[in-house]
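When we follow UniProt numbering, the leftmost residue of the sequence shown carries the number 1, and every step to the right adds one.
Virtual Cβ for every residue (Gly too), placed ideally from N, Cα, C.
If you're wondering where the values come from, they're calculated on a predicted model, not measured in any experiment.
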Amino acid sequence: MPHRRMDGPPSIRDTVHEALSGHRNELVSLFSRYVAKGKGILQHHQLIDEFENVVGKDGVMQELKESPFSQILKSAQVNAALKEAIVLPPFVAIAIRPRPGVWEYVRVNVYELSVEQLSVPEYLRFKEELVDGEYNENFVLELDFEPFNATFPRPTRSSSIGNGVQFLNRHLSSIMFRNKESLEPLLHFLRTHKHNGLVMMLNDRIHTISGLQFALARAEEYLSKLPPDEPYSQFEYVLQGMGFEKGWGDTAQRVSEMVHLLLEILQAPDPSSLETFLGRIPMVFNVVILSPHGYFGQANVLVLPFLFMVKIVMPYFQTPCELSAINEQVVYILDQVRALENEMLLRIQNQGLDVIPKILVVTRLIPDAKGTTCNQRLERISGTEHSHILRVPFRNEKGILRKWISRFDVWPFLETFSEDAANEIAAELQGVPDLIIGNYSDGNLVATLLSNKLGITQCNIAHALEKTKYPDSDLYWRKYEDNKTHVGQYESHTAFTLPGLYRVVHGIDVFDPKFNIVSPGADMTIYFPYSENQKRLTALHGSIEELLYDPEQNDEHIGFLSDQSKPIIFSMARLDKVKNITGLVECYGKSTKLRELVNLVVVGGYIDVNKSRDREEVAEIEKMHGLIKQYNLHGQFRWITAQMNRARNGELYRYIADTRGAFVQPAFYEAFGLTVVEAMTCGLPTFATCHGGPGEIIEHGVSGFHIDPYHPDQVAALMVGFFEQCQDNASHWDKISDAGLKRIYERYTWKIYSERLLTLAGVYGFWKYVSKLERRETRRYLEMFYILKYQDLNHCQSAKVIKKRVDEIKRINSSCGCLSGEICSCGSG
Numbered sequence: 001m002p003h004r005r006m007d008g009p010p011s012i013r014d015t016v017h018e019a020l021s022g023h024r025n026e027l028v029s030l031f032s033r034y035v036a037k038g039k040g041i042l043q044h045h046q047l048i049d050e051f052e053n054v055v056g057k058d059g060v061m062q063e064l065k066e067s068p069f070s071q072i073l074k075s076a077q078v079n080a081a082l083k084e085a086i087v088l089p090p091f092v093a094i095a096i097r098p099r100p101g102v103w104e105y106v107r108v109n110v111y112e113l114s115v116e117q118l119s120v121p122e123y124l125r126f127k128e129e130l131v132d133g134e135y136n137e138n139f140v141l142e143l144d145f146e147p148f149n150a151t152f153p154r155p156t157r158s159s160s161i162g163n164g165v166q167f168l169n170r171h172l173s174s175i176m177f178r179n180k181e182s183l184e185p186l187l188h189f190l191r192t193h194k195h196n197g198l199v200m201m202l203n204d205r206i207h208t209i210s211g212l213q214f215a216l217a218r219a220e221e222y223l224s225k226l227p228p229d230e231p232y233s234q235f236e237y238v239l240q241g242m243g244f245e246k247g248w249g250d251t252a253q254r255v256s257e258m259v260h261l262l263l264e265i266l267q268a269p270d271p272s273s274l275e276t277f278l279g280r281i282p283m284v285f286n287v288v289i290l291s292p293h294g295y296f297g298q299a300n301v302l303v304l305p306f307l308f309m310v311k312i313v314m315p316y317f318q319t320p321c322e323l324s325a326i327n328e329q330v331v332y333i334l335d336q337v338r339a340l341e342n343e344m345l346l347r348i349q350n351q352g353l354d355v356i357p358k359i360l361v362v363t364r365l366i367p368d369a370k371g372t373t374c375n376q377r378l379e380r381i382s383g384t385e386h387s388h389i390l391r392v393p394f395r396n397e398k399g400i401l402r403k404w405i406s407r408f409d410v411w412p413f414l415e416t417f418s419e420d421a422a423n424e425i426a427a428e429l430q431g432v433p434d435l436i437i438g439n440y441s442d443g444n445l446v447a448t449l450l451s452n453k454l455g456i457t458q459c460n461i462a463h464a465l466e467k468t469k470y471p472d473s474d475l476y477w478r479k480y481e482d483n484k485t486h487v488g489q490y491e492s493h494t495a496f497t498l499p500g501l502y503r504v505v506h507g508i509d510v511f512d513p514k515f516n517i518v519s520p521g522a523d524m525t526i527y528f529p530y531s532e533n534q535k536r537l538t539a540l541h542g543s544i545e546e547l548l549y550d551p552e553q554n555d556e557h558i559g560f561l562s563d564q565s566k567p568i569i570f571s572m573a574r575l576d577k578v579k580n581i582t583g584l585v586e587c588y589g590k591s592t593k594l595r596e597l598v599n600l601v602v603v604g605g606y607i608d609v610n611k612s613r614d615r616e617e618v619a620e621i622e623k624m625h626g627l628i629k630q631y632n633l634h635g636q637f638r639w640i641t642a643q644m645n646r647a648r649n650g651e652l653y654r655y656i657a658d659t660r661g662a663f664v665q666p667a668f669y670e671a672f673g674l675t676v677v678e679a680m681t682c683g684l685p686t687f688a689t690c691h692g693g694p695g696e697i698i699e700h701g702v703s704g705f706h707i708d709p710y711h712p713d714q715v716a717a718l719m720v721g722f723f724e725q726c727q728d729n730a731s732h733w734d735k736i737s738d739a740g741l742k743r744i745y746e747r748y749t750w751k752i753y754s755e756r757l758l759t760l761a762g763v764y765g766f767w768k769y770v771s772k773l774e775r776r777e778t779r780r781y782l783e784m785f786y787i788l789k790y791q792d793l794n795h796c797q798s799a800k801v802i803k804k805r806v807d808e809i810k811r812i813n814s815s816c817g818c819l820s821g822e823i824c825s826c827g828s829g
């Protein structure tokens with residue numbers, strides 16, 4: 001037995017070694033199964049499946065399945081990070097996550113039954129051997145950010161992940177409030193706080209902490225004698241004489257609450273009170289949101305490429321899968337803007353200020369806008385008073401780029417775009433923003449460049465945090481490099497390798513205080529409970545019933561539901577491999593019992609394969625048609641093409657709820673799960689993938705159900721169990737529906753999102769002002785990497801984009817005989 005460390009629990013290496021010693025036959029069988037699969041990567045579900053299939057004596061196997069080794073192998077919770085095994089016979093190297101944010105790596109020699117612990121670089125080097133080609137491992141660029149974080153405060157408990165500002169607030173406030181002298185930065189912050197020359201909070205009558213405490217006590221006594229709803233304007237000059245300026249509140253009651261909060265903080269500092277106080281200080285008036293790629297607009301944008309791809313041959317086109325992803329981003333950002341503006345207006349009013357907030361969504365201006373508003377520089381966002389879309393064109397040394405290009409080809413234009421955007425933003429705001437928000441990789445890069453240039457607080461929206469849609473997209477990045485249907489790399493990697501480029505041994509640290517979970521919601525003017533009958537859009541029921549039940553088979557819907565009294569299980573998503581809609585259809589087709597209990601309706605993609613220009617979608621369309629025939633689904637199944645009418649989609653969720661049905665999200669991976677939130681907000685019981693965001697949104701068995709798309713038989717059994725229980729007890733459906741709504745109202749609304757985001761911005765802005773949160777050393781390290789490596793790759797990408805564009809133009813022009821360059825003179829392309 002190996003020597004066990006006495007200062008803590010056994011290492012993963014020790015646990016595996018002990019398991020090999022105690023269960024040699026069973027584990028030889030298991031690891032031999034892994035090796036028999038040959039060179040490659042095995043994902044978590046494959047590891048578990050092989051473990052369950054190991055043959056052994058019943059008693060011994062039960063003992064093994066209850067052993068620490070089994071717990072390690074199965075330790076991935078439904079919301080845990082992906083675990084993997086690298087197989088290079090006779091070795092199997094396993095990446096194990098004992099708890100969130102913590103990884104260990106071991107390698108087993110199956111022939112010798114030996115186990116060794118691997119460091120991160122050793123594991124990555126071993127992983128690189130899967131890739132064909134020779135790399136000089138002695139001279140590989142390794143990125144390691146760990147030394148820069150050695151002195152920076154960070155939590156150690158996994159439960160703190162995603163609550164970084166709360167931790168930072170506790171840590172820094174404990175240091176700051178050790179004595180009265182340490183409170184000076186807070187005083188200085190309140191005295192110098194301004195917006196566009198308007199002095200707020202304190203004026204120069206207050207110079208010391210003692211003076212502040214005295215003034216606060218006077219103000220509290222004075223305010224106690226006023227009616228709670230007394231307007232600030234009635235006592236403004238009295239408080240100004242005491243040393244207070246605008247920003248404390250619009251009524252005597254609100255000002256009194258703020259004064260009392262600060263007195264409590266000065267007397268007995270409490271992190272919670274400090275966060276509340278900082279969250280109420282007027283700090284965010286102007287917000288910039290970055291989303292450079294795609295057709296970003298409010299009209300004709302969502303259906304544009306669907307209309308044009310059929311009629312026009314274009315050198316570049318927006319694929320349906322890419323379009324759908326962009327559509328989701330447009331909807332997300334517009335909902336975000338409306339919620340943020342409402343919250344900013346409310347806060348500014350409550351703070352007693354007469355300031356107009358501004359939100360700018362900065363995106364690309366496309367001169368050849370194809371009938372959209374994407375060629376307009378400025379466009380007001382509907383449903384808002386002071387928010388606009390600001391469009392800035394892409395340009396290079398040859399001038400402005402007139403046509404749309406794919407989001408995978410925008411990278412060479414982003415640096416110039418950020419410079420031009422900075423000038424346009426300054427012109428619109430007559431100053432700099434207080435907060436800048438990036439979306440996706442391109443938007444976050446531009447946000448970083450602007451944040452560094454302007455010195456403002458930056459918020460990155462990580463739409464796919466911690467896992468990628470394609471788990472091997474780092475190792476086999478070359479395979480995805482020229483594939484428009486895949487996003488090859490997400491930012492959220494702790495350790496990964498891009499063979500031939502560089503190796504990251506310590507990258508993103510999820511324990512870093514900058515990580516904060518702020519979950520969005522659904523637009524509650526569109527998505528609301530089915531039970532709110534007075535708000536229901538009953539006028540749309542005719543068109544919804546036509547979508548669901550019209551027997552005509554056409555390009556918009558095929559299949560029919562012969563028994564309309566049965567509940568409907570419903571799914572709506574892009575028609576691509578990751579969303580796994582065809583997997584749900586196959587799961588349904590195979591389950592005789594499920595088909596007896598419910599009908600299945602799916603919404604997604606095209607029905608006519610000839611309308612798609614996306615290879616992955618084409619494959620899924622063909623697979624769907626094959627499944628309909630294979631399982632003879634006619635009479636129990638309906639397939640509807642992608643729907644862009646949000647109002648009708650909201651009512652569609654509620655109509656499905658009227659049938660006492662359920663929503664199913666069967667994706668292999670889902671970054672967040674906006675459709676899950678939409679369905680639950682409408683009161684529809686929801687079954688959603690355990691891989692990604694839905695694992696957090698849903699409490700399994702309480703507010704919905706987790707499903708593992710890699711085990712469709714178990715998925716079918718879970719749904720059968722639910723609907724059988726609903727048949728026996730009608731209140732069971734209501735119980736899950738109500739619990740889902742409760743979960744949404746507690747955590748997943750745009751109101752909660754906007755309140756939390758603005759509070760975090762205020763708290764972080766304060767600590768950034770009074771401490772060294774800029775991390776200049778890390779930033780300089782990143783700048784060096786950006787200039788020496790990224791820009792070099794970017795120039796290569798630019799050359800590839802140009803070559804690809806020229807080749808496409810030549811191909812298209814050769815088909816019609818035109819030689820005019822970018823646009824065919826005959827008008828055919």
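Residue i burial status per 10 Å Cβ neighbour count (16 or more: buried)
{"i": "Lys194", "result": "exposed"}
{"i": "Ser182", "result": "exposed"}
{"i": "Asp512", "result": "buried"}
{"i": "Tyr295", "result": "buried"}
{"i": "Leu323", "result": "The predicted model places Leu323 with a pLDDT of 43, which falls under 50 and marks its position as unreliable; any figure quoted below should be read in that light. Leu323 should be labelled buried."}
{"i": "Lys453", "result": "exposed"}
{"i": "Val446", "result": "buried"}
{"i": "Ile787", "result": "exposed"}
{"i": "Ile400", "result": "exposed"}
{"i": "Pro412", "result": "buried"}
Per DSSP, the bridge partner or partners of residue i
{"i": "Phe663", "result": "Phe570, Thr686"}
{"i": "Cys374", "result": "DSSP, once it has assigned bridges, lists no residue as partnering Cys374."}
{"i": "Val609", "result": "According to DSSP, which records beta bridges pairwise, Val609 is partnered with nothing at all."}
{"i": "Asp144", "result": "His506"}
{"i": "Lys194", "result": "Val199"}
{"i": "Val87", "result": "Gly40, Val92"}
{"i": "Arg99", "result": "Val102"}
{"i": "Arg648", "result": "The partner list for Arg648 (beta bridge, DSSP) is empty, contrary to what the question assumes."}
{"i": "Leu498", "result": "Tyr502"}
{"i": "Glu670", "result": "Gly692"}
Option in the options with minimal Cα separation from residue i
{"i": "Ser67", "options": "Glu18, Val330, Leu226, Leu30", "result": "Glu18"}
{"i": "Asn109", "options": "Ile86, Arg407, Ile569, Gln166", "result": "Ile86"}
{"i": "residue 832", "options": "Leu202, Gly249, Ser418", "result": "Any property of residue 832 remains undetermined from this structure, which presents the chain solely from 1 to 829."}
{"i": "Glu586", "options": "Lys629, Leu548, Gln553", "result": "Lys629"}
{"i": "Ala369", "options": "Pro393, Leu360, Val361, Tyr655", "result": "Pro393"}
Continuous beta strand (DSSP E) stretch holding residue i: start and end
{"i": "Lys358", "result": "358–365"}
{"i": "Val287", "result": "286–290"}
{"i": "Trp103", "result": "102–109"}
{"i": "Gly40", "result": "40–43"}
{"i": "Trp639", "result": "636–640"}
{"i": "Ser114", "result": "114–118"}
{"i": "Gly438", "result": "435–439"}
{"i": "Gln458", "result": "457–461"}
N- and C-terminal bounds of the alpha helix (DSSP H) containing residue i
{"i": "Tyr710", "result": "Run containing Tyr710: none; DSSP gives neither H nor E here."}
{"i": "Phe766", "result": "750–770"}
{"i": "Pro393", "result": "Run containing Pro393: none in the alpha helix (DSSP H); it sits in the beta strand (DSSP E), 387–393."}
{"i": "Phe785", "result": "776–785"}
{"i": "Arg747", "result": "731–747"}
Every unbroken beta strand (DSSP E) inside the region 219–279 [3 residues or more]: None, since the region 219–279 contains no complete beta strand (DSSP E) of that length.
Within the region 6–33, ranges of the alpha helix (DSSP H) (whole runs, at least 4 residues): You should have 12–22.
Length-filtered (3 minimum) beta strand (DSSP E) runs lying within the region 524–605: Complete beta strand (DSSP E) runs here, min 3: 557–561, 568–572, 599–603.
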